[in-house]
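A short worksheet on the structure shown next.
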Amino acid sequence: MKKVLIINGSPRTNGATSQVLAEIEKGLKKSGISCVDYQLNKLTFKGCQGCMGCKKLGYCCVHDDLSPVLQELKNADGIVIGTPIYMFAVSGQTKLFMDRLYSLIDHDYKPYSGTERKLLTVYSMGNPSENAYVNEQNRVKDAMKLVGLQETIRLSVPGNNVYEYPAKLSETLMRQAFTAGEKFSSTL
Ligand SMILES: Cc1cc2nc3c(=O)[nH]c(=O)nc-3n(C[C@H](O)[C@H](O)[C@H](O)COP(=O)(O)O)c2cc1C
1 MKKVLIINGS PRTNGATSQV LAEIEKGLKK SGISCVDYQL NKLTFKGCQG
51 CMGCKKLGYC CVHDDLSPVL QELKNADGIV IGTPIYMFAV SGQTKLFMDR
101 LYSLIDHDYK PYSGTERKLL TVYSMGNPSE NAYVNEQNRV KDAMKLVGLQ
151 ETIRLSVPGN NVYEYPAKLS ETLMRQAFTA GEKFSSTL
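Laid out in structure tokens, this is it:
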């Protein structure tokens, strides 16, 4: 059975990001994919320490709550990363996580796993334009490609008033998220 890690970079357990990720997970599960969820905000972990130990040993030498997640990623076929846009960028929790993914590649920028994994990204934002943060989204795409994660689907969720909690999302968006999960399964 194929496996996908679902990484939630929002601290709000019933916010827009969380609701969209839950729907994507339903689409994945309907397609027979096993899913493992992580809420970054519930984990205690550091950012990359720049020790470069991973280039010698093949794994991240920082031992904290992220260690089993990084380990599990090695056995996964794909990863879904969802984040709210904070200050024109991914959330701080998501940035710390992404920096630690530097441990997935060797000295010559080759993935230790030898193969690329597929990536689905979700960005929720207050801005009503879904293209508002395309530069940031493309930066993430390029950085994730560098660590062997190939973005095959990107879902932007614009126009979420940060004061409205829990977020009220449309039926259309929920269907879109479910379909994205199904489509992602076919790319794995
Ligand atoms: C600290 C903070 C910074 C934010 N910065 C931005 C921003 O730069 N651009 C934007 O469109 N929305 C911004 N927002 C709004 C959130 O991105 C938006 O409400 C998002 O959908 C929240 O996701 P969540 O419900 O999953 O937590 C910000 C919200 C917070 C709390």
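Anchor point for the sequence shown: position 147 equals 147 in the numbering used here, and the numbering is continuous, going up by one each time. Ideal Cβ placement from N, Cα and C applies to all residues, glycine included. As the structure is a prediction and not an experimental result, all values here were calculated from the model.
Report the three-state DSSP secondary structure of residue i (helix, strand or coil).
i	result
V147	coil
C48	coil
L155	strand
A16	helix
S267	Within the shown structure, residues of the chain are numbered from 1 to 188, placing residue 267 beyond reach of any answer.
For residue i, which residues in the same chain have their Cβ closer than 6 Å to its Cβ, ignoring the five residues on either side in sequence?
i	result
S124	A16, T17, P84, V157, N160
Q39	N8
Taking 8 Å as the limit between beta carbons, can you name the residues of its chain near residue i, skipping five residues before and five after?
i	result
C51	C61, V62
N131	S156
Pull up the DSSP beta-bridge partners for residue i, would you.
i	result
N8	Q39, G82
P128	None; P128 has no bridge partner.
A117	Checking the displayed sequence, the identity of residue 117 turns out to be Arg instead of Ala. In DSSP, R117 forms a bridge with L149.
I105	P111
Y123	T83, S156
Short of 7 Å in beta carbon distance, which residues of its chain neighbour residue i, apart from the five on each side in sequence? Order them along the chain.
i	result
C35	V4, I6, E25, L28, K29
D64	T44, F45, K46
Comparing alpha-carbon positions, which option in the options lies nearest residue i?
i	options	result
L70	V122, G82, R100	R100
Y86	T13, I153, N127	N127
V122	M174, Y163, T115	M174
I79	A132, Y163, E116	E116
K74	A89, G58, V20	G58
L21	D37, S103, S31	D37
V23	G82, K2, L66, S67	One detail in the question is off: residue 23 reads as Glu in this sequence, not Val. E23 has its Cα closest to that of G82, out of G82, K2, L66, S67.
Stretch-stretch touch, CB-based, cutoff 8 Å, three pairs: the segment 136 to 144 with the segment 162 to 174: no
Three CB pairs or more closer than 8 Å across the segment 138 to 148 and the segment 172 to 188: no
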